[in-house]
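Colleague: Going down the list, the protein sequences come from chains A and B. Mind the numbering: the first sequence is residues 34 to 257 in our numbering, read in order. Mind the numbering: the second sequence is residues 3 to 462 in our numbering, read in order. After the structure tokens below, expect a handful of questions from me.
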Amino acid sequence: MYEILTGPLLWIAFAVFFVGLTVRVVLYFRGLDWRLDRVAYRPQMKYGIRGAVRSVYSWLLPFGTHGWRAKPIYTLMFFALHIGVVIVPLFLEGHAVMIKNGLGINWPAMPQILADVLSIAALLGGLGIVVRRMLLPEVRILTNINDMLLLALILTLLASGIVAAHNPVHYSFWITLHVACGVTVLLTAPFTRLAHIVLFFCTRIQLGMDFGIKRGGMKTNFDW
Amino acid sequence: MPEGTLCNKKPVSTKEELNALLADSNGRTYYAEMEELEVDSDALWALIQKTLKSRTKTWLDICAHCGLCADSCFLYSVNGRDPKQVPSYKIQSTLGEIVKKQGKVSNEFMRMCMDTAWSKCTCCNRCGSFCPYGIDMGVMFSYLRGLLHSQGFVPWELKIGSGMHRLFRAQMDVTVEEFVDTCEWMVDEALEEWPCLEIPVDKEDADIIYMINAREAKHYPEDIVEAAILFHIAGENWTMPSDGWEMTSLSMFAGDWEACKMQVDTVYESMERLRPKRMVATECGHAYRATVIEGPYWAGRPDGKPPVECLHYVEWVAEALESGKLRIDPSKRIKEPVTVQDSCNYVRNAGLRDCTRIIMKHMAEDFREMAPNKEHNYCCGGGGGFNGIGRYRKQRNVALRMKREQILATGAKFVIAPCHNCWDAIRDLEEEYEIGIKWSFLKPLLIKMVEVPEHLLPQE
Numbered sequence: 034m035y036e037i038l039t040g041p042l043l044w045i046a047f048a049v050f051f052v053g054l055t056v057r058v059v060l061y062f063r064g065l066d067w068r069l070d071r072v073a074y075r076p077q078m079k080y081g082i083r084g085a086v087r088s089v090y091s092w093l094l095p096f097g098t099h100g101w102r103a104k105p106i107y108t109l110m111f112f113a114l115h116i117g118v119v120i121v122p123l124f125l126e127g128h129a130v131m132i133k134n135g136l137g138i139n140w141p142a143m144p145q146i147l148a149d150v151l152s153i154a155a156l157l158g159g160l161g162i163v164v165r166r167m168l169l170p171e172v173r174i175l176t177n178i179n180d181m182l183l184l185a186l187i188l189t190l191l192a193s194g195i196v197a198a199h200n201p202v203h204y205s206f207w208i209t210l211h212v213a214c215g216v217t218v219l220l221t222a223p224f225t226r227l228a229h230i231v232l233f234f235c236t237r238i239q240l241g242m243d244f245g246i247k248r249g250g251m252k253t254n255f256d257w
Numbered sequence: 003m004p005e006g007t008l009c010n011k012k013p014v015s016t017k018e019e020l021n022a023l024l025a026d027s028n029g030r031t032y033y034a035e036m037e038e039l040e041v042d043s044d045a046l047w048a049l050i051q052k053t054l055k056s057r058t059k060t061w062l063d064i065c066a067h068c069g070l071c072a073d074s075c076f077l078y079s080v081n082g083r084d085p086k087q088v089p090s091y092k093i094q095s096t097l098g099e100i101v102k103k104q105g106k107v108s109n110e111f112m113r114m115c116m117d118t119a120w121s122k123c124t125c126c127n128r129c130g131s132f133c134p135y136g137i138d139m140g141v142m143f144s145y146l147r148g149l150l151h152s153q154g155f156v157p158w159e160l161k162i163g164s165g166m167h168r169l170f171r172a173q174m175d176v177t178v179e180e181f182v183d184t185c186e187w188m189v190d191e192a193l194e195e196w197p198c199l200e201i202p203v204d205k206e207d208a209d210i211i212y213m214i215n216a217r218e219a220k221h222y223p224e225d226i227v228e229a230a231i232l233f234h235i236a237g238e239n240w241t242m243p244s245d246g247w248e249m250t251s252l253s254m255f256a257g258d259w260e261a262c263k264m265q266v267d268t269v270y271e272s273m274e275r276l277r278p279k280r281m282v283a284t285e286c287g288h289a290y291r292a293t294v295i296e297g298p299y300w301a302g303r304p305d306g307k308p309p310v311e312c313l314h315y316v317e318w319v320a321e322a323l324e325s326g327k328l329r330i331d332p333s334k335r336i337k338e339p340v341t342v343q344d345s346c347n348y349v350r351n352a353g354l355r356d357c358t359r360i361i362m363k364h365m366a367e368d369f370r371e372m373a374p375n376k377e378h379n380y381c382c383g384g385g386g387g388f389n390g391i392g393r394y395r396k397q398r399n400v401a402l403r404m405k406r407e408q409i410l411a412t413g414a415k416f417v418i419a420p421c422h423n424c425w426d427a428i429r430d431l432e433e434e435y436e437i438g439i440k441w442s443f444l445k446p447l448l449i450k451m452v453e454v455p456e457h458l459l460p461q462e
């Protein structure tokens, strides 16, 4: 099982992931329409780019916007989860070994202790988000089964990775579960809300351009 | 009865149709007919396929259901944090469902959508600035209004308002003759106090073309004279067009995009005909949004800009005060605590947050900021057409509570509102809640406060 998952299937999964998400980005920008969106994207590109950069940058910073500052606990949980699921997989020693074996590239890795701290923080952040989803009426009313399945998938991915790295008992079960979740994420990302991995940037760029070009960006910078 | 005589999918195109609508008191027959109005699902779906492209589609698909938009919405806050007032829920349960069902929705559903689109969202766009993805539900509600309008599900007053724009190129029935006449007799009345005052109509190549809200021509002509006096004192070379002076757009509130285009085309034609250097707009938020921010796109102008540079009144006043064209008599500055209600349409959606602060620096000794303020200010409670729809008066009155709390928190009993909609909302707020406040546009205050050059004063 592990061999299949880390063999051809992994390659297919990565291909689906990268090609699929690239297609989503291309389709997104090709579908923008200056008359329907009422934003002069091309003629005012300079203002648009400035607006887009400010819009993306502000929201990537923890507490960088009024929105993040208004919800400090959520912001902490959110960034813990996202830093954990983006940075850790990229620079984990275990993953670097796989890259070395598979592609022959010397991939940089972070110290295991840092990876542990970030993963556990991510797991706690994710659990906090689940609890918040169930407790707050304004979030509960929006929540559907897909939201819960997505969180379950990501938290299983995280938890199984942490257990596999530290608990030699039932190692093969945990590592197989971990890789299976990882492959599922890669395979489904372009077709589910996981596409926000790239679409977050797309929609933030669009609204940044909207404010940068049309809604005041030529006079003042919007204070995100 | 699929199509009513008053409530139908056809926009107003004759005076008879308009009069019939006006004669229907409170829209009683209109709304009764609406309950029978057939939904043309094929046309609705065709329109969606033509107009719902990647921006809106992605907004609907990608929402993470995080609920961060909830507290950004004043209607959620003032309605006891009702989860059904969460912006994301409001748009997903209306537009989201219509799209999911490919337009196959019932009459009852469309009426629910209408009630949501016009009484649970003022298109203030505040949620858009609090969503991590930048999903602007105000923009989507405006889009939804357009879909509903195409199917005839639009509040009675807005069908009338939009019809007015179609027939008169103004939100009220003011003809070119009536307008020019109004300017003339208003100046005549003011001449005793302001010798040489004039409202130059259709003057070519002026520095400024001044444009207004039809209400001023119809019900508050003193506002036009006040503007004239201030231009006179500032020594501006200005004019007003006899035709194409109306900047407002009830059709924007109605989602009648065809009428929106008709209206701005008229305004831009007058700019092109008279070739002014700049345009100054009266104290109205949505009028500025319609003519300056959205209008260029309705008119199909690829650079997204109107034919000439356009200033909201607060921009002109700030500039005139800073440059010394207008000077405030220091002894006449406002002594009591005063606060400002900035319109969403010019402060959040047009970047004019600094203007009123500059003006207050000149005019007021004790200016109090509301919290939140500037581009994060809350809607007055009556924006997006909310003020004018009788069917939603109760909901509108609840909506005023946020502004009431904001004003009370400043400790000021005087509110300056350079926007017709905000001005109305604050007037109604005082009527409804009696918190003991006064409110005003800028013009009447400025006239009382500015230093008048000797040569403009009447000879004794």
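We treat Cβ as the ideally placed atom computed from N, Cα and C, and that holds for glycine.
Can you list, in chain order, the residues of the segment 71 to 96 of chain B whose Cβ is nearer than 8 Å to any Cβ on chain A?
Modeller: A72, D73, S74, Y78, R83, P85, K86, V88, S90, Y91, Q94
Colleague: Determine, using beta carbons only, whether G69(B) comes closer than 8 Å to chain A.
Modeller: yes
Colleague: Taking buried to mean at least 16 other C-beta atoms within 10 Å of its own C-beta, is P460(B) buried or exposed?
Modeller: By the beta-carbon neighbour count (other beta carbons within 10 angstroms, threshold 16), P460(B) is exposed.
Colleague: Could you please give me the residues that DSSP links to R102(A) through a beta bridge?
Modeller: None; R102(A) has no bridge partner.
Colleague: At a CB-CB cut-off below 7 Å, which residues of chain A make contact with D356(B)?
Modeller: Correct list: T253.
Colleague: Looking at the structure shown, is A366(B) part of a helix, part of a strand, or coil, going by DSSP?
Modeller: strand
Colleague: Do you know how far the Cα of A216(B) is from the Cα of G390(B)?
Modeller: Roughly 15 Å between the two C-alpha positions.
Colleague: So, helix, strand or coil for R83(B), using DSSP?
Modeller: coil
Colleague: List the residues of chain A whose Cβ lies closer than 9 Å to the Cβ of K55(B), in chain order.
Modeller: Those within 9 Å of K55(B) in chain A are G64, L65, D66, L69, D70.
Colleague: Going by DSSP, what residue range makes up the alpha helix (DSSP H) through M116(B)?
Modeller: 109 to 121
Colleague: Apart from the five residues just before and just after K92(B), which ones in its own chain have a Cβ nearer than 6 Å to its Cβ?
Modeller: T118, K122
Colleague: In angstroms with no decimal places, state the Cα-to-Cα distance between L42(A) and V216(A).
Modeller: Using only the alpha carbons, I get a separation of about 8 Å.
Colleague: By the 10 Å Cβ neighbour count, where 16 or more other Cβ atoms means buried, how is I437(B) classified, buried or exposed?
Modeller: exposed
Colleague: Just list the alpha helix (DSSP H) runs in the segment 379 to 410 of chain B, keeping only unbroken ones of 4 residues or longer that don't cross its boundaries, in chain order.
Modeller: 395 to 401
Colleague: Suppose contacts are defined by Cβ-Cβ distances below 8 Å. Is P85(B) in contact with M139(B) by that definition?
Modeller: no
Colleague: Listing by chain order, which chain B residues have their CB less than 9 Å from the CB of A73(A)?
Modeller: P298, Y299, R303, P304, D305, G306, K307
Colleague: Taking the C-alpha atoms as reference points, what is the distance between F111(A) and G158(A)?
Modeller: 6 Å
Colleague: Count Cβ pairs between the segment 334 to 343 of chain B and the segment 361 to 372 of chain B that sit closer than 8 Å; are there 3 or more?
Modeller: yes
Colleague: Comparing alpha-carbon positions, which option in G137(A), L183(A), I195(A) lies nearest L147(A)?
Modeller: I195(A)
Colleague: Along chain A, which residues have their Cβ under 7 Å away from the Cβ of E377(B)?
Modeller: F255, D256
Colleague: Nearest-angstrom Cα distance between H115(A) and R173(A)?
Modeller: In a straight line, the C-alpha of H115(A) is about 21 Å away from that of R173(A).
Colleague: Quick one: is I246(A) buried, meaning 16 or more other Cβ sit within 10 Å of its Cβ, or exposed?
Modeller: buried
Colleague: List the residues of chain B whose Cβ lies closer than 9 Å to the Cβ of K79(A), in chain order.
Modeller: In chain order: nothing, as chain B lies at least about 12 Å away.
Colleague: Please report the distance separating the alpha-carbon of T412(B) from that of T341(B).
Modeller: 7 Å
Colleague: Buried or exposed, going by whether 16 or more other CB atoms sit within 10 Å of the CB of Q408(B)?
Modeller: buried
Colleague: Nearest chain A C-beta to G165(B) closer than 8 Å, yes or no?
Modeller: no
Colleague: With a cut-off of 8 Å, does the C-beta of W259(B) fall near any C-beta of chain A?
Modeller: no
Colleague: Check whether the Cβ of N351(B) lies closer than 8 Å to any Cβ atom in chain A.
Modeller: By the rule that beta-carbons nearer than 8 Å mark a contact, N351(B) touches chain A.
Colleague: What residue from A414(B), F443(B), K161(B), N81(B) has the CA that sits closest to S345(B)'s CA?
Modeller: F443(B)
Colleague: Mind checking if G84(A) is an interface residue toward chain B, Cβ cutoff 8 Å exclusive?
Modeller: no
Colleague: Does any residue of chain A bring its CB to less than 8 Å from the CB of P134(B)?
Modeller: P134(B) counts as touching chain A.
Colleague: Would you please verify whether the beta carbon of T124(B) is less than 8 Å from any beta carbon of chain A?
Modeller: No, T124(B) lies away from the interface with chain A (no Cβ there is under 8 Å from its Cβ).
Colleague: Check whether the Cβ of W61(B) lies closer than 8 Å to any Cβ atom in chain A.
Modeller: yes
Colleague: Let me see if you follow: with CB-CB separation under 8 Å, is H115(A) close to chain B or not?
Modeller: no
Colleague: State the start and end residues of the unbroken beta strand (DSSP E) segment that holds S88(A).
Modeller: Run containing S88(A): none in the beta strand (DSSP E); it sits in the alpha helix (DSSP H), 78 to 93.
Colleague: Would you report the Cα separation of L24(B) and E432(B), rounded to the nearest angstrom?
Modeller: 28 Å
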